[in-house]
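Number of protein chains: 2
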Amino acid sequence: MYAEIISVGTELLLGHTINSDAAYVARELSALGINLLYSCTVGDNPERLEAALQTALDRSDIVITTGGLGPTGDDLTKETIAKTAGKKLVLHQESLDRIVEYFKGRVMGESQKKQAMLPEGCTVFPNGCGTAPGCGFQTANGKTMIMLPGPPSELIPMLKNYAVPFLAKESGAVIVSRIVRVFGLGEGYVAEQITDLTEGTNPTAATYAKDGEMFVRVTARAKDEAAASALCEPVVDELQRRLGDFIYGIDVESLEELVVKELTRRGLHLACAESCTGGLLASRITDIPGSSAAFQMGAVTYANEIKTLLLDVPEETLRQYGAVSEQTARAMAEGIVRKSGSELGIGITGIAGPGGGTPEKPVGLVYLALCDGKQTWVRKMPGNNAKKGRRYLRWLAASNALDMVRRYLFDLGGLEEAAYTAKNI
Amino acid sequence: MYAEIISVGTELLLGHTINSDAAYVARELSALGINLLYSCTVGDNPERLEAALQTALDRSDIVITTGGLGPTGDDLTKETIAKTAGKKLVLHQESLDRIVEYFKGRVMGESQKKQAMLPEGCTVFPNGCGTAPGCGFQTANGKTMIMLPGPPSELIPMLKNYAVPFLAKESGAVIVSRIVRVFGLGEGYVAEQITDLTEGTNPTAATYAKDGEMFVRVTARAKDEAAASALCEPVVDELQRRLGDFIYGIDVESLEELVVKELTRRGLHLACAESCTGGLLASRITDIPGSSAAFQMGAVTYANEIKTLLLDVPEETLRQYGAVSEQTARAMAEGIVRKSGSELGIGITGIAGPGGGTPEKPVGLVYLALCDGKQTWVRKMPGNNAKKGRRYLRWLAASNALDMVRRYLFDLGGLEEAAYTAKNI
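Protein sequences, first through last, are from chains A and B. The opening residue of the first sequence carries number 451 in the working numbering; numbering runs sequentially from there. The opening residue of the second sequence carries number 451 in the working numbering; numbering runs sequentially from there.
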């Protein structure tokens, strides 16, 4: 089975948007064992889109388009595909109802309605995060066409929940994927450790890097789910043997999800005092539904006087060691535990840059402290990551804080092991 | 002048790598006034690459390849291009010297040498960050071929320093783009208001939606920058007439950047007390470099007792009106102003979901308060956005808070106008 992706959007050809959709779709195709031979991008131009569609339908079995399903006049993907594939566009009442419901209590433009017009007889992919539904159908000469919306927030869930099952059904196989999430080791390093595992074809194992973490995706194809899961198992076990407690979870979403779940299960509470991360840690924790059971208070103490006012960080400590120091991080963590009455407290202070660095305290230097009311542990992120940028450094600092809580909760040790936290990332 | 990009690399078709190179190249082309009509990706496969090259050379004047210039066996771009364009590969001594120098003191594999083999008579683009040089040349029938390396760290500088100057000689025009950013109106709604403007060809105007905001990009092409800017101006002016103060900035990055800049310029400070946004507002503000000048303190008061402890929200208020109420938001904003000594304070309380909603207080209901020490304004986000999900609701709440600060700072009024804040978003 050969597939081809056609990404539609003038913004892609102007370089205003990086085409991440193609990569998301490509990953799912390779997990399905479908060969992607070409991926191409055309603008919001019906003639060129039609030409690209013709070429794709001639040389591939499956053609997947991303983008161009919106309400505006230059969103022409659906009309052009219908024309090229010789399909009529008909109103899909259920989609129209969804769109009307979506705009309930708000003004809905007439143009929104055209999003409910879909190729006759197609399988509709509902859009849970936006208005434009996607769809899949067979062309007259047995090719498979799939249309997906452009915004990643709409494409990613539709891909997983509707397009992949649609394709799997066509290939008559069931796919099972396991995600093995790793914090503290880089993709390049892990890839070297598991080369033999990544050479398999069923199950496949592939490494990915994202936001200072990496993960391994193990995917197997079989006649039913049980058989596919059984194929994945030995590889997942071997990964656990080789990567040990750098693996923070299998099929979990994120460090914050893992930490919130375990805190909740144990009836523990976490509070955090943030300087350089400026609320990012609290924001990541409270992104998890139900986090209020485990999280009561966060303090963003950007100014020194606020560190003293809110967390009783001694002015003497700030004067003697500076705001970015092990001592200040420690005092912040201990202060937030006292203040919040939570069992666990995090303190984070560092230099996120781009300014504010010195030879002694370079951009990227971050001290993280975890206090459990009896003991306080401090982890140091060396400032050797400056060129990664402010956003990345703040994210990595918050991730390190979550990793310290994880290692504390699961009694893994390594809370203070600074070396590896930046190593290979 | 029509251009086409061919990205070479199996890792792109497996989705292991997101193709950012194509976007970098596309931006430079559009800045040069060169029309990019197609961008396609092929694997490390000589037959398919040759086919793609043939197609590209038939329909475009300029063909730019990225990737496949490395030393390994599957790096076949150069060989394939030379074959397709009927060019001989010859040793470029200067490039070989560079490569040898690059490996000085390290083992240099024989295979590295093949990177110094380049099409006869080409213009060589030295690689300042790696080993593989790029190049540009004219084919027998007057088409322009350009080869660039895949790693962005090598491609980006080579593009700016060598490829763009090489191309500039072949193009007369310059492109200017203006970004008009809008908060409080949806893309569909705006698109209908400006249909006539989006039908132009020079300048063009296109609408985009992102994270609960929308923006209009106005792009013009002319012989020089002044002329291109002059073409954009009337359209930008007309957009301002039609969209008024829903436009929060032109060529600014984000609401938070605008707010931080204006606070800093005026020597004012903002503090925020967050419940449902859980630190997201503070995190977005402190994402802006230099925000410490305008931001001193944030409080994430998730639990009721913390609202009282930290912000002196009267227990009576919480009991009588509930944590999610206009009164509590007001008390939070006033409390954070008192506590932080900042001139401006924000209070946010709401129901981000997915759980916790009731008929009276549905998921998505958020109260936002802004206090300047003398007066307090409250904006209400009605709970009709539940489907958008927790992450989106939190983001939109933080954006509304920033919009209130913007309207306060620029004296625009509408601080409390709840209706439109969710309308059409």
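Heads up, the beta-carbon is just placed ideally off N, CA and C, and yes, glycines get one too. Quick caveat: nothing in here was measured; it's all calculated off a predicted structure.
Taking the beta carbon of residue 522 of chain B as reference, no residue of chain A falls within 7 Å; the closest one sits roughly 15 Å away. Shown in chain order are the members of the segment 451–475 of chain A whose Cβ falls below 8 Å from a Cβ of chain B: 460, 461, 462, 463, 464, 465, 466, 467, 468, 469, 470, 472, 473, 474 and 475. DSSP places residue 616 of chain A in the helix class (H, G or I) of the three-state scheme. Secondary structure in the segment 644–719 of chain A: the beta strand (DSSP E) runs of 3 residues or longer, each lying completely within the stretch, are 654–660, 663–672 and 697–700 in chain order. Residue 490 of chain A reaches chain B at 488, 489, 490 and 491, counting residues in chain order whose Cβ is nearer than 8 Å.
Contact between the segment 718–734 of chain A and the segment 724–736 of chain B is established, with three or more Cβ pairs separated by less than 8 Å. Neighbours of residue 701 of chain A in chain B, taken as residues at a C-beta separation under 7 Å, are lacking, since the least C-beta distance is about 19 Å.
Pairing residue 681 of chain A with residue 484 of chain A, the inter-Cα distance amounts to about 18 Å.
Assignment of residue 771 of chain B by DSSP, reduced to helix, strand and coil, places it in the helix class. For residue 460 of chain A, the enclosing alpha helix (DSSP H) begins and ends at 460–463. Within the segment 725–796 of chain A, the complete beta strand (DSSP E) segments at least 3 residues long are 745–751, listed from N- to C-terminus.
Against chain B, the CB of residue 858 of chain A has no partner CB under 8 Å away; the residue lies outside that interface. Secondary structure remark: continuous alpha helix (DSSP H) runs of at least 4 residues inside the segment 578–628 of chain A, in chain order: 602–608 and 614–620. Counting the other Cβ atoms within 10 Å of the Cβ of residue 561 of chain B gives fewer than 16, which makes it exposed. Within the model, the alpha-carbon separation for residue 724 of chain A versus residue 605 of chain B is close to 37 Å.
Around residue 863 of chain B, the same chain offers 857 as residues with beta carbons nearer than 7 Å, after the five sequence neighbours per side are excluded.
Within the model, the alpha-carbon separation for residue 586 of chain B versus residue 492 of chain B is close to 20 Å.
Close to residue 648 of chain B, with beta-carbon spacing below 8 Å, are these residues of chain A in chain order: 522, 523 and 524.
Not a single C-beta of chain A is nearer than 8 Å to the C-beta of residue 484 of chain B.
In the three-state reduction of the DSSP assignment, residue 564 of chain B falls in the helix class. Note that the C-beta distance between residue 598 of chain A and residue 618 of chain A is not below 8 Å. Spatial neighbours of residue 567 of chain A in its own chain (CB-CB distance under 8 Å, excluding positions within 5 residues in sequence) are listed in chain order as 528, 539, 540, 541 and 542.
The C-alpha of residue 457 of chain B lies about 26 Å from the C-alpha of residue 636 of chain A.
Among the CB atoms of chain B, one or more fall inside 8 Å of the CB of residue 737 of chain A.
When Cβ pairs closer than 8 Å are counted between the two stretches, the segment 783–800 of chain B is seen not to touch the segment 818–833 of chain A, the count staying below three.
Contacts between residue 645 of chain B and chain A, judged by CB atoms closer than 8 Å, involve 523 in chain order.
Among the residues facing chain B, residue 751 of chain A is included, as its CB has a counterpart in that chain under 8 Å away.
Residue 825 of chain B counts as exposed, since fewer than 16 other beta carbons sit within 10 angstroms of its beta carbon. Residue 639 of chain B and residue 792 of chain A have their C-alpha atoms some 47 Å from each other. At a cut-off of 3 residues, the continuous stretches assigned as beta strand (DSSP E) that sit fully inside the segment 479–550 of chain A are 485–492, 512–516 and 539–541. Each of A:487, A:506 and A:508 was checked against the Cα of residue 499 of chain B, and the nearest Cα belongs to A:487. For residue 820 of chain B, the uninterrupted beta strand (DSSP E) segment begins and ends at 816–821. Contact note: residue 838 of chain B reaches chain A through 579, using a C-beta cutoff of 8 Å and chain order. Taking a contact to require three or more Cβ pairs closer than 8 Å, the segment 780–790 of chain B and the segment 711–721 of chain B qualify as touching. In this chain, the alpha helix (DSSP H) harbouring residue 855 of chain A covers 840–859. Contact residues of the segment 771–796 of chain B toward chain A are 789, 790 and 791 (C-beta to C-beta distance below 9 Å).
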